[in-house]
Amino acid sequence: MQGEEIRSRAAAAFALIRERRPLIHQITNYVVMNQTANITLMVGASPVMAHAKEEVADMIGFAGALVLNPGTLEPDWVEAMLIAGRKANELGVPIVLDPVGAGATPYRTETNLAFLRELDIAVVRGNSGEIGALSGAGGQVIGVDSVTGVADPAAVTVAAAAGWSSVAAITGARDVISNGERTVGVDNGHIWLTTLTGTGCMATAMIGSFAAVEEDHLVATVSALACYGLASEKAAEEAKGPGTFKAALYDSLYHLTPEDLEAGARVEVL
Amino acid sequence: MQGEEIRSRAAAAFALIRERRPLIHQITNYVVMNQTANITLMVGASPVMAHAKEEVADMIGFAGALVLNPGTLEPDWVEAMLIAGRKANELGVPIVLDPVGAGATPYRTETNLAFLRELDIAVVRGNSGEIGALSGAGGQVIGVDSVTGVADPAAVTVAAAAGWSSVAAITGARDVISNGERTVGVDNGHIWLTTLTGTGCMATAMIGSFAAVEEDHLVATVSALACYGLASEKAAEEAKGPGTFKAALYDSLYHLTPEDLEAGARVEVL
Amino acid sequence: MQGEEIRSRAAAAFALIRERRPLIHQITNYVVMNQTANITLMVGASPVMAHAKEEVADMIGFAGALVLNPGTLEPDWVEAMLIAGRKANELGVPIVLDPVGAGATPYRTETNLAFLRELDIAVVRGNSGEIGALSGAGGQVIGVDSVTGVADPAAVTVAAAAGWSSVAAITGARDVISNGERTVGVDNGHIWLTTLTGTGCMATAMIGSFAAVEEDHLVATVSALACYGLASEKAAEEAKGPGTFKAALYDSLYHLTPEDLEAGARVEVL
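Chains as they are written, first to last, in my numbering: chain A, 30 to 299; chain B, 30 to 299; chain C, 30 to 299.
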């Protein structure tokens, strides 16, 4: 598969999201719930945030994807994530995991390793330190930021993906996405994404939206990150700083078309 | 009561909110807390978010209205909502209920039905599917969106209001509000309200603010929805998309005057 | 210490935040988590929100400051705040407390008094009613707003600081900050800060960021409030109302320089 084909499939998936409006069930952290719901709406999907053990399995029945983001984790929420995840696996609903702050505390690391062990995860997206910490490749995470990334993100991504039998994505100046066999780089994005909280979490919500309509999870992940990055580039043209950029990002993604995505995606098969 | 009288009372209620600054106690969902607090401030009231069983009854003592929004419900929160609701009933503080996602899972449906059964609710505001599901009129809810609305929102609103002895409001392109005897349509609003999360929840917070100063809950609800819709129309003139619209909505409501509301409210007695 | 020296140290501390990027561990309320994380990023520090008893003590090990904000308190969170606070004291990490709504309910008042009794708090920042209620000086709090402030904020601040062996800060049109011996007024700010939820909580996050790099907590607090107020003044020039002001505030703080702060801080030693 070459870059041109991926761009074409990205555009088709984007159109499908807006046609089908898949439900994206998100069990995510308090800090970013509002913005991951909104970015899901802007791309054209339908978000629902539901975390009660009393209802997560019922909600999954309608979902096109499940996003797990233990950024403000606690035991009850972790348990609900596992219940939802098992039901998603049973029903064939793809799970996208955002291991926020893995590596920063033992509790975060162990919780995310438990998810990887007990659930069949379709895609894991993190920063260099988080993926490094979970895959045993090194990197240092302080708080929720990757302070010392891994030396070779592409190699770590490939190894992580192979080890987990998942798509793995390390996002950064260049996003690197691999399923262990095929690896793709995405160069869309803007520096202001690094200045706001929750922009990684929004990327993960985007991946959930694309995974709900595109069965090849590598293509779904690449498409989502190119789409998100491209919208951020257009937003930066309208903004004066991170605050106005955040509002402009919603506007730009809302107005972005599949044709824009096909023309503007900067993907490279590695 | 004709449209002209309602517009006049809407303006008077709006002025009263800004004069008295009533406390609006909101036990609401994680996704929208920030924005329902802000919209409450913009209309001129004072929001407080408090959900601990240890304090909700004490907080109600100062409240002009109680807003219950189980959008990210779990048992502890539901219990706190019931404690707060009973105290509100005891003190005569009006309760406004937003049954987010009722119909989507049994847990959501049953929780909202329990509220309707055990509490004296002044106003229930939802989308067509939510009100349809709770009142037994049909409609389909997936996640928190009404996917298939009820065929005749006005008839369903009247029947729901009569059945619950509450004001019922279905918001949509036309909002329909009824107390079972009188029914009013509101045509203010803008399509971008449908593109952001929590805009229905903000409408409910607006209703709480008006219900704190206007004893006729039908008039309060109509006034709130007209005020909110009118602010959204003005905001859209300043915005380039949903992101800038959200910021502009706060600006426009903050600057809106009772005179603007009397002149711009589009209400029709049905 | 005169105003000129404080302005110079404020600029130096601001530069240090951007150089060191200290981790600011915040256990805060649901309403404002997103915006306190973002304001922390804009000033140049690194926020982390973590509240699980399973990890708070581990997270503190990397933190430059701990911010406790029980604005949507419940017993589990209060317990986590105490665990984190004790660890912070053990490690010498400064604690900044925002006693949201103290005085409004017995639960809020007693929880904040317990923090003051059981922890060594570096800085307490609140509105006039909150500091008045906690220090026994009077003032009335309804919800989370100070309705009747104390008659003489400067005197109350001095007495509170002396009583708690902490820096105390009452923010308002003029911010008054004291460590019981030295007292400083800060006149930066803009009226629109009073029209949005969480602006006091953001001020507290700013204080945490400065306290992570400046050991004199009086100077840190004055610097933070001057920096925040100055950014708000510049933001107001770009905004049309509270909504656009909020976005502009992030922009203006992001672009603000230590030189701007030294030139624009309006501080007066009282």
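Using N, Cα and C, we set each Cβ at its ideal position, and we do this for glycine too.
Listed along chain C is no residue with a C-beta nearer than 8 Å to that of A/E33; the closest approach is about 37 Å. Proximity of C/G201 to chain B, defined by a Cβ-Cβ separation below 8 Å, is not satisfied.
Taking a 10 Å sphere around the C-beta of A/P135, we find fewer than 16 other C-beta atoms and assign the residue as exposed. Exposure of A/S194 is indicated by the presence of fewer than 16 other C-beta atoms within 10 angstroms of its C-beta. The criterion of a C-beta distance shorter than 8 Å is not satisfied by C/A66 and A/V170. In chain B, no part has a C-beta under 8 Å from the C-beta of A/F239; the shortest such distance is about 18 Å. Rounded to whole angstroms, the Cβ separation of B/V296 and B/G32 is 5 Å, and the two are in contact under 8 Å.
When rounded, the separation of the alpha-carbon atoms in B/V213 and B/K269 is 32 Å.
Think of a sphere of 9 Å around the beta carbon of B/T177: no beta carbon from chain A falls inside it, the nearest being about 13 Å out.
C/T140 is a Cβ neighbour of C/V107, given a cutoff of 8 Å.
DSSP places A/I89 in the uninterrupted alpha helix (DSSP H) bounded by 85-89. Close CB contacts of A/R203 within its chain, under the 6 Å cut and outside five residues either way in sequence, are with G214, D216 (chain order). At a cut-off of 8 Å, the C-beta of A/P76 has a neighbouring C-beta in chain B.
Taking the C-beta atoms as reference points, C/V242 is found nearer than 8 Å to C/A42. For B/A81, at least one C-beta of chain C is nearer than 8 Å to its own C-beta. Close CB contacts of A/A264 within its chain, under the 6 Å cut and outside five residues either way in sequence, are with F274, A277, L278, S281 (chain order). The bridge partners DSSP lists for C/I171 are C/D174. Along the length of the stretch 196-279 of chain B, whole alpha helix (DSSP H) runs at least 4 residues long occupy 228-240, 246-267, reported in chain order. B/Y279 has a beta carbon lying within less than 8 Å of a beta carbon in chain C. DSSP places C/P182 inside the alpha helix (DSSP H), whose first and last residues are 182-193. Taking 8 Å as the upper bound on Cβ-Cβ separation, chain A lies near residues T224, L225, T226, G227 of the stretch 223-236 of chain B. Sequence-distant Cβ neighbours of C/T101 in its own chain, meaning closer than 7 Å and more than five residues away, are N58, Y59, V60.
Residue-level contact check: A/A276 touches chain B, since one or more beta carbons of chain B fall below 8 Å from its beta carbon. Ranking A/R50, A/I160, A/P99 by CA distance to the CA of A/P76 puts A/R50 first. Comparing C-alpha distances from B/E48 to each of B/G73, B/T224, B/A197 shows the shortest one belongs to B/G73. Counting the other Cβ atoms within 10 Å of the Cβ of A/M30 gives fewer than 16, which makes it exposed. Within its own chain, the residues whose Cβ lies closer than 6 Å to the Cβ of A/L145, once the five positions on either side in sequence are excluded, are W193, listed in chain order. Put simply, the CB of A/E288 is far from chain B, with every gap to its CB atoms at 8 Å or more. Per the coordinates, the alpha-carbon of C/I160 lies some 51 Å from the alpha-carbon of A/V122.
When DSSP states are grouped into helix, strand and coil, B/P123 belongs to the coil group. Under DSSP, C/S281 shares a beta bridge with no residue. B/V77 carries a strand assignment under DSSP once its states are collapsed to helix, strand and coil. When DSSP states are grouped into helix, strand and coil, B/R50 belongs to the coil group.
The three-state secondary structure of C/R295, taken from DSSP, is coil. For A/T134, the secondary structure class from DSSP, reduced to helix, strand or coil, is strand.
Not one beta carbon of chain A lies nearer than 8 Å to the beta carbon of B/K263.
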